[in-house]
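Participant:
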Amino acid sequence: MTAIQTTDLVKNYGSIEALKGISFAVNEGEIFGLIGPNGAGKTTTLRVISTLLEITSGTVRVFGYDIQEEPEEVRKQISYLPEEAGAYKNLSGKEYLKFMAQFYSDGRNIQEMIQIGMSISRLGDRITDKVSTYSKGMTRKLLVARALMMEPPLAILDEPTSGLDVINSQEVRKIIRGFARKGSTVLLSSHNMLEVEFLSDRVALIGEGLILDSGSPAELKKKYNAQNLEEVFMEAVTHE
Amino acid sequence: MSKFTTILIKEMKDLLRDPKIVVGMIVVPLLMFPAMGAMFRTGIESAEQKTQIAVIDLDNQAFSQAFIAALENSPGVSLYDVDSNNVEEGIQKAESAEVKVLMVIPEGFTADIQNASGTEIEVYTIVEGLGMGEVISTARVDEIIKGINRSLSEKVIQEQIPTMNPAKVLDPITAKSVTIVQGKRVNVSPTIIAGLISSQSFIVPVVLMVMILFVAQMAATSMATEKENKTLETLLTLPVSRISILAGKMGGTAVVSLIAAVAYIIGFSYYMSAFQFDSQEIPISMEDIGLSITPIGFLLLGISIFMAVLAALSLAMILAVFTQDVRSAQSLVSFTIMPLVFPAMILVFADINSLPTALRYVLLVLPFSHPTIAANAVVLKNYAMVLGGIAYLAVFTLCVLYIAARMFSTERVITAKITFRRKKGNRNP
Numbered sequence: 008m009t010a011i012q013t014t015d016l017v018k019n020y021g022s023i024e025a026l027k028g029i030s031f032a033v034n035e036g037e038i039f040g041l042i043g044p045n046g047a048g049k050t051t052t053l054r055v056i057s058t059l060l061e062i063t064s065g066t067v068r069v070f071g072y073d074i075q076e077e078p079e080e081v082r083k084q085i086s087y088l089p090e091e092a093g094a095y096k097n098l099s100g101k102e103y104l105k106f107m108a109q110f111y112s113d114g115r116n117i118q119e120m121i122q123i124g125m126s127i128s129r130l131g132d133r134i135t136d137k138v139s140t141y142s143k144g145m146t147r148k149l150l151v152a153r154a155l156m157m158e159p160p161l162a163i164l165d166e167p168t169s170g171l172d173v174i175n176s177q178e179v180r181k182i183i184r185g186f187a188r189k190g191s192t193v194l195l196s197s198h199n200m201l202e203v204e205f206l207s208d209r210v211a212l213i214g215e216g217l218i219l220d221s222g223s224p225a226e227l228k229k230k231y232n233a234q235n236l237e238e239v240f241m242e243a244v245t246h247e
Numbered sequence: 095m096s097k098f099t100t101i102l103i104k105e106m107k108d109l110l111r112d113p114k115i116v117v118g119m120i121v122v123p124l125l126m127f128p129a130m131g132a133m134f135r136t137g138i139e140s141a142e143q144k145t146q147i148a149v150i151d152l153d154n155q156a157f158s159q160a161f162i163a164a165l166e167n168s169p170g171v172s173l174y175d176v177d178s179n180n181v182e183e184g185i186q187k188a189e190s191a192e193v194k195v196l197m198v199i200p201e202g203f204t205a206d207i208q209n210a211s212g213t214e215i216e217v218y219t220i221v222e223g224l225g226m227g228e229v230i231s232t233a234r235v236d237e238i239i240k241g242i243n244r245s246l247s248e249k250v251i252q253e254q255i256p257t258m259n260p261a262k263v264l265d266p267i268t269a270k271s272v273t274i275v276q277g278k279r280v281n282v283s284p285t286i287i288a289g290l291i292s293s294q295s296f297i298v299p300v301v302l303m304v305m306i307l308f309v310a311q312m313a314a315t316s317m318a319t320e321k322e323n324k325t326l327e328t329l330l331t332l333p334v335s336r337i338s339i340l341a342g343k344m345g346g347t348a349v350v351s352l353i354a355a356v357a358y359i360i361g362f363s364y365y366m367s368a369f370q371f372d373s374q375e376i377p378i379s380m381e382d383i384g385l386s387i388t389p390i391g392f393l394l395l396g397i398s399i400f401m402a403v404l405a406a407l408s409l410a411m412i413l414a415v416f417t418q419d420v421r422s423a424q425s426l427v428s429f430t431i432m433p434l435v436f437p438a439m440i441l442v443f444a445d446i447n448s449l450p451t452a453l454r455y456v457l458l459v460l461p462f463s464h465p466t467i468a469a470n471a472v473v474l475k476n477y478a479m480v481l482g483g484i485a486y487l488a489v490f491t492l493c494v495l496y497i498a499a500r501m502f503s504t505e506r507v508i509t510a511k512i513t514f515r516r517k518k519g520n521r522n523p
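Top line first, the protein sequences correspond to chains A and B. In this note's numbering, each number is its position in the first sequence, counted from 1, plus 7. In this note's numbering, each number is its position in the second sequence, counted from 1, plus 94.
Have a look at this one:
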């Protein structure tokens with residue numbers, strides 16, 4: 008089944024065209040990466056699919072649900088991690104996870120979700136401390152745990168390792184891989200193309216609001232005769 | 095637990111754990127106002143301590159002795175013996191003994207009173223500071239002289255015209271007041287009734303103003319914190335309706351701001367009680383003059399206040415959506431809500447119907463005037479006025495709620511922004 012189907016997606020902010028008609032499909036169970044430089048339209052694409060932004064034209068379907076017609080159904084399928092996200096500073100890490108788990112409690116065990124979240128976050132005893140005492144890395148790991156603990160059909164992760172050091176970034180990547188192995192779909196964006204290459208089954212190259220090319224990292228590297236996705240991206244931009 | 099309740103509880107927990115809110119809006123009013131009141135009380139009480147008065151009696155006859163005896167018997171006065179007949183020496187002695195007042199009774203004092211030719215005593219007051227104590231001492235001396243004057247007058251009248259009642263000679267006319275309120279006659283002066291009504295009509299506008307400002311500030315803080323801490327986007331992508339998010343945030347904010355408002359009012363009433371000294375009990379109640387509030391009146395007043403609070407909450411939420419951080423949200427809300435709330439304070443001093451037409455219409459258009467108008471109207475049982483106000487508030491509140499709900503249902507909750515652009519021409523070179 009197709010997890011996400013975007014067709015001719017256009018998004019304007021006033022007179023600024025952020026997305027100029029992008030189309031791509033994400034299959035269920037795969038990790039799909041959007042790569043491109045800052046300002047290319049990655050975050051806008053993710054915010055549209057997450058039902059935060061309205062589309063100017065085109066269509067987006069998530070597991071068959073139209074994001075404009077059935078946004079509340081779409082929200083039941085997704086879990087979104089914004090690039091610049093925070094947690095409630097006056098709650099403890101555990102309370103934050105509990106607060107979030109309660110929204111997914113329909114027929115599911117809240118305690119089990121919290122346990123999964125605690126295990127993903129790897130915050131140990133600090134999970135009972137107030138979020139205001141966490142470092143940036145700890146907060147990000149808590150947020151990743153929050154996004155994945157309810158095992159949503161689709162996780163939308165915007166720059167999942169944003170602000171993390173090398174060790175924490177590695178950890179988060181492993182977590183995302185493990186999550187996808189359980190059958191969930193992941194749509195992620197990053198300007199770190201090596202990270203996306205490591206994580207993604209397929210990628211789409213995005214620049215100036217347009218999809219430049221898409222395919223598996225291996226296919227793209229072969230097509231552009233490149234060593235890595237960074238080189239692929241530079242080649243794709245030149246071809247445009 | 096419903097998703098609305100989950101958000102409501104989180105909201106309360108988050109706000110009540112914020113040290114700025116707990117200290118600034120709950121603890122400080124509870125401690126600061128009573129502490130300020132206690133300080134005032136201590137200052138006034140210390141000023142009210144016995145006033146020491148030194149007297150130089152250059153007359154030493156019947157009336158000067160009677161004067162000194164009356165002084166001695168005056169409450170709050172103790173006499174100090176300067177043991178001198180010289181004014182300058184007396185002042186020096188009084189000053190060194192920290193006695194603030196020196197009275198000099200002249201020679202011929204008794205004779206002048208007996209001849210009814212009038213006399214004069216000299217009162218020297220030593221002022222060392224500008225505190226309340228100095229003012230109270232001076233005021234007390236004036237009161238004492240007034241009292242002694244009266245008793246001396248009575249004494250003279252009694253001596254001169256033993257057949258007459260001195261009190262009746264001094265006050266031949268007394269007034270018996272009958273005030274007609276709402277067709278009911280009561281044997282008290284209109285001043286007492288006005289005092290009674292104003293003490294009641296003062297409470298609602300003040301309490302309401304505090305409540306609305308607290309509610310609006312708290313709602314703005316709650317919404318702007320979500321934006322400032324970057325938690326709003328996540329919240330809006332959860333499987334919960336936007337209306338539940340809005341309602342949960344408004345409910346949690348309302349509960350916490352009501353706690354803060356109660357803390358403020360308790361603290362403020364302690365503060366005000368510091369100024370009530372030996373206040374004479376009003377010899378009549380609102381029930382006696384047919385101005386009590388019926389249960390229906392209370393219900394209508396409650397509905398009116400509830401609507402106003404709801405309107406303030408929604409308005410603050412909408413305004414906060416346009417800002418990016420807590421400080422700008424609080425400023426924007428203050429600038430917007432305060433001009434809507436303050437005009438209602440006019441109604442503490444004047445009835446809506448006695449105001450100039452233009453001002454009356456301005457007050458009727460402002461939503462937050464209506465609970466204050468209702469507070470007076472329910473006393474006078476003018477329920478049509480109250481119901482009209484409730485209907486207007488309901489329409490206003492529904493419009494504001496609708497706009498808030500619309501904003502939460504669209505991307506504007508994320509993208510709306512007020513930018514304050516500086517005009518190029520205004521820049522300094």
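Glycine included, C-beta positions come from ideal geometry on N, C-alpha and C.
Helix, strand or coil, according to DSSP, for A243(A) in the structure here?
Facilitator: For the purposes of this step, residue 243(A) is taken as residue 236 along the first sequence, with counting starting at 1. It is helical.
Participant: Counting contacts by CB-CB distance shorter than 8 angstroms, is R82(A) in contact with chain B?
Facilitator: Here residue 82(A) refers to the residue found at position 75 of the first sequence. Yes, R82(A) counts as interfacial toward chain B.
Participant: Helix, strand or coil for R54(A), going by three-state DSSP, please let me know.
Facilitator: Reading the first sequence from its first residue, position 47 is the one you call residue 54(A). In this structure, R54(A) counts as helix in the three-state DSSP scheme.
Participant: Inspect the beta-carbon positions of L165(B) and I215(B) and report whether they are closer than 8 angstroms.
Facilitator: In the second sequence, counting from the first residue as 1, residue 165(B) sits at position 71. In the second sequence, counting from the first residue as 1, residue 215(B) sits at position 121. No, they are not a contact pair.
Participant: For R111(B), which option in T347(B), I390(B) and I383(B) has the closest C-alpha, if you only look at C-alpha atoms?
Facilitator: By 1-based counting over the second sequence, the position of residue 111(B) is 17. Nearest C-alpha to R111(B) among T347(B), I390(B) and I383(B): T347(B).
Participant: Are the beta-carbon atoms belonging to L394(B) and A468(B) less than 8 angstroms from one another?
Facilitator: Your numbering for residue 394(B) matches position 300 in the second sequence. Your numbering for residue 468(B) matches position 374 in the second sequence. Yes. Within cutoff.
Participant: To the nearest angstrom, how far is the alpha carbon of T388(B) from that of S283(B)?
Facilitator: Here residue 388(B) is taken as the residue at index 294 of the second sequence, counted from 1. Here residue 283(B) is taken as the residue at index 189 of the second sequence, counted from 1. Going by the C-alpha atoms only, they are around 25 angstroms apart.
Participant: Work out the CA separation of P113(B) and I431(B) for me, nearest whole Å.
Facilitator: Counted from its first residue, the second sequence places residue 431(B) at position 337. Counted from its first residue, the second sequence places residue 113(B) at position 19. Between I431(B) and P113(B), the C-alpha separation is close to 24 angstroms.
Participant: What span of residues does the alpha helix (DSSP H) with S367(B) cover, start to end?
Facilitator: The residue labelled residue 367(B) in the question sits at position 273 within the second sequence. Note, S367(B): alpha helix (DSSP H), R336 to S367.
Participant: By the DSSP assignment, the beta strand (DSSP E) with K27(A) in it spans what residues?
Facilitator: Position 20 of the first sequence, counted from the start, is the residue given in the question as residue 27(A). K27(A) -> beta strand (DSSP E) spans I23 to N34.
Participant: If you check the beta carbons only, do S196(A) and T14(A) fall under 8 angstroms apart?
Facilitator: Counting from one through the first sequence, the residue named residue 196(A) turns up at place 189. Counting from one through the first sequence, the residue named residue 14(A) turns up at place 7. No, the Cβ-Cβ distance between S196(A) and T14(A) is not below 8 angstroms.
Participant: In angstroms, rounded to a whole number, what distance separates the CA positions of K321(B) and Q418(B)?
Facilitator: Position 227 of the second sequence, counted from the first residue, corresponds to residue 321(B). Position 324 of the second sequence, counted from the first residue, corresponds to residue 418(B). If I take the Cα positions, the gap works out to 6 angstroms.
Participant: What does a CB cutoff of less than 8 angstroms around I23(A) pick up in its chain, not counting 5 residues either side in sequence?
Facilitator: Taking the first sequence and counting its residues from 1, the one referred to as residue 23(A) is at position 16. Answer for I23(A): no residue qualifies.
Participant: Can you have a look at S373(B) and say buried or exposed, based on whether 16 or more other CB atoms are within 10 angstroms of its CB?
Facilitator: On the second sequence, residue 373(B) is found 279 positions in, with the first residue counted as 1. Residue placement at S373(B) cannot be trusted, given a pLDDT of 46 that sits under 50; what the coordinates show is reported in the next sentence. Result: exposed.
Participant: Tell me which same chain residues have a C-beta within less than 8 angstroms of the C-beta of P437(B), skipping the five on either side of it?
Facilitator: In the second sequence, the residue the question calls residue 437(B) occupies position 343. V456, L457, L460 and S463.
Participant: From the beta carbon of S422(B), is the nearest beta carbon of chain A less than 8 angstroms away?
Facilitator: Residue 422(B) sits at position 328 when you count from the first residue of the second sequence. No, its Cβ sits nowhere closer than 8 angstroms to a Cβ of chain A.
Participant: Near S245(B), which residues of its chain fall below 7 angstroms by C-beta distance, leaving aside the five closest residues on each side in sequence?
Facilitator: Translated into the one-based positions of the second sequence, residue 245(B) becomes position 151. Within the same chain, S245(B) has close Cβ partners A164.
Participant: Return helix, strand or coil for G212(B), following the three-state DSSP convention.
Facilitator: Stepping through the second sequence from its first residue, residue 212(B) is reached at position 118. Note: G212(B) maps to coil in three-state DSSP.
Participant: Distance cutoff 8 angstroms, beta carbons only. Does V334(B) sit that close to anything in chain A?
Facilitator: The residue given as residue 334(B) occupies position 240 in the second sequence. V334(B) counts as touching chain A.
Participant: Report the option in A471(B), L352(B) and I484(B) whose CA atom is closest to the CA atom of L385(B).
Facilitator: In the second sequence, counting from the first residue as 1, residue 385(B) sits at position 291. Among A471(B), L352(B) and I484(B), the Cα nearest to that of L385(B) is on A471(B).
Participant: Jot down the residue ranges of each uninterrupted beta strand (DSSP E) in the region 107 to 186 of chain A, minimum 3 residues, whole runs only, in chain order.
Facilitator: 161 to 165
Participant: Give the residues from the region 51 to 62 of chain A that approach chain B closer than 8 angstroms (Cβ to any Cβ), ordered along the chain.
Facilitator: R54, S57, T58, L59, L60 and E61
Participant: What residues from chain B crowd round I121(A), counting only those whose CB sits closer than 9 angstroms?
Facilitator: Looking up residue 121(A) in the first sequence gives position 114. By Cβ distance, chain B contributes nothing, its closest Cβ being about 14 angstroms from I121(A), past 9 angstroms.
Participant: Looking only at C-alpha atoms, which of A152(A), I183(A), M107(A) and F39(A) sits nearest to P333(B)?
Facilitator: As a position in the second sequence, residue 333(B) is number 239, starting the count at 1. Nearest option by C-alpha distance: M107(A).
Participant: Any idea if K194(B) is buried or exposed, counting beta-carbon neighbours within 10 angstroms, 16 or more meaning buried?
Facilitator: On the second sequence, position 100 is the one that residue 194(B) refers to. Under this definition K194(B) is a buried residue.
Participant: Quick check for students: name the residue ranges of the beta strand (DSSP E) that lie wholly in the region 242 to 301 of chain B, counting only runs of 3 or more.
Facilitator: Uninterrupted beta strand (DSSP E) stretches at least 3 residues long and entirely within the region 242 to 301 of chain B occur at 273 to 275 and 278 to 280, given in chain order.
Participant: So is E139(B) buried or exposed if we call it buried at 16+ other beta carbons inside 10 Å?
Facilitator: Working through the second sequence from its first residue, we reach residue 139(B) at position 45. Looking at its Cβ environment, which holds fewer than 16 other Cβ atoms inside 10 Å, E139(B) is exposed.
Participant: Does the CB of S316(B) have a neighbour CB from chain A at under 8 angstroms?
Facilitator: Position 222 of the second sequence, counted from the start, is the residue given in the question as residue 316(B). No, S316(B) lies away from the interface with chain A (no Cβ there is under 8 angstroms from its Cβ).
Participant: Indicate, with yes or no, if the ligand MG has a heavy atom lying under 7 angstroms from the CB of L26(A).
Facilitator: Ligands in the displayed structure: none, and consequently the ligand MG is not present.
Participant: Inspect the beta-carbon positions of L53(A) and D165(A) and report whether they are closer than 8 angstroms.
Facilitator: Against the first sequence, residue 53(A) aligns to sequence position 46. Against the first sequence, residue 165(A) aligns to sequence position 158. Closer than 8 angstroms, so yes.
Participant: Report the neighbours of P224(A) on chain B: residues whose CB is nearer than 9 angstroms to its CB, in chain order.
Facilitator: Position 217 of the first sequence, counted from the start, is the residue given in the question as residue 224(A). Those within 9 angstroms of P224(A) in chain B number zero; the least Cβ separation is about 28 angstroms.
Participant: Against chain A, with Cβ distances strictly below 8 angstroms, would L330(B) count as a contact?
Facilitator: Taking the first residue of the second sequence as position 1, residue 330(B) is located at position 236. Residue contact with chain A for L330(B): present (Cβ-Cβ distance below 8 angstroms to some residue of chain A).
Participant: Where does N524(B) land, buried or exposed, given buried means 16+ other C-beta within 10 angstroms?
Facilitator: No information on residue 524(B) is available, as it lies outside the stretch 95 to 523 that chain B covers here.
Participant: Alpha carbon to alpha carbon, what distance is there between I147(B) and V263(B)?
Facilitator: The residue given as residue 263(B) occupies position 169 in the second sequence. The residue given as residue 147(B) occupies position 53 in the second sequence. The alpha-carbon atoms of V263(B) and I147(B) are separated by roughly 31 angstroms.
Participant: Who are the neighbours of I73(B) on chain A, taking C-beta pairs under 9 angstroms?
Facilitator: Residue 73(B) lies beyond the residue range present for chain B, which begins at 95 and ends at 523; the question has no answer from this structure.
Participant: DSSP three-state label for S221(A), please.
Facilitator: Locating residue 221(A) in the first sequence gives position 214, counting from the first residue. DSSP places S221(A) in strand when its eight states are reduced to three.
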